[in-house]
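Quick note, the sequence shown lines up with residues 1 to 96 if you use full-length UniProt numbering. For every residue, glycine included, the Cβ atom is placed at its ideal position computed from N, Cα and C. Keep in mind it's a predicted model, so treat the numbers as computed, not measured. In what follows, a structure is listed as structure tokens, so that the remarks can point back to it.
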Amino acid sequence: MDTEQLFLGLSLLLLVGGIAYYLAHHKSHGLRPAPATPRQADLGLQSDIQRDFQRVFSMTSSQGKEGLIKRWMDRTGCDRTEAMRLATEEWRRDNR
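What follows is the structure, given as structure tokens:
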């Protein structure tokens with residue numbers, strides 16, 4: 001096997017792997033259907049808030065995140081999702 005064949009083989013392998021990754025990624029991240037009920041809309045909003053919270057506090061330990069959520073829940077008397085939203089908003093205000 002010479003260098004040219006080796007290069008072509010590796011290029012083909014990378015191309016096939018890239019296509020497979022692309023298809024798998026876009027298939028799993030397809031468009032979400034519109035929620036049919038208000039409860040489903042609440043769940044969508046809840047997951048958006050949780051995703052934002054996880055993104056903003058990605059470098060915080062799980063115990064730190066739980067403590068932060070608990071402090072907001074105790075301070076405002078709100079539920080877990082609202083506490084995540086408030087913590088995220090405060091972090092963004094303080095870090096502009």
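**Study point:** Rounded separation between residue 60 and residue 24 - CA only
**Key:** Those two C-alpha atoms are separated by around 30 Å.
Check your understanding: In angstroms, rounded to a whole number, what distance separates the CA positions of residue 95 and residue 4?
Key -> Whole-angstrom Cα-Cα distance: 53 Å.
Review point. For residue 52, which residues of its own chain have a beta-carbon under 6 Å away from its beta-carbon, when the five flanking residues on both sides are left out?
Key: Within the same chain, residue 52 has close Cβ partners 88.
Check your understanding: Given that a residue counts as buried once 16 or more other Cβ atoms are within 10 Å of its Cβ, and exposed if not, what is residue 13?
Key -> Exposed, by the Cβ-count rule.
Review point. Can you tell me where the alpha helix (DSSP H) with residue 76 in it begins and where it stops?
Key: Residues 62-76.
Practice item. Would you mind sorting residue 92 into buried or exposed? The rule is 16 or more other CB atoms within 10 Å of its CB. Key: Counting other Cβ atoms within 10 Å of its Cβ, residue 92 stays below 16 and is therefore classed as exposed.
Practice item. Check whether the Cβ atoms of residue 81 and residue 49 lie closer than 9 Å to each other. Key: Cβ distance < 9 Å, so residue 81 and residue 49 count as in contact.
Check your understanding: So is residue 86 buried or exposed if we call it buried at 16+ other beta carbons inside 10 Å?
Key -> Classification of residue 86: buried, given that the 10 Å Cβ count is 16 or more.
Check your understanding: When the Cα atoms are used, what is the spatial distance from residue 63 to residue 21?
Key -> Distance between the alpha carbons of residue 63 and residue 21: 34 Å.
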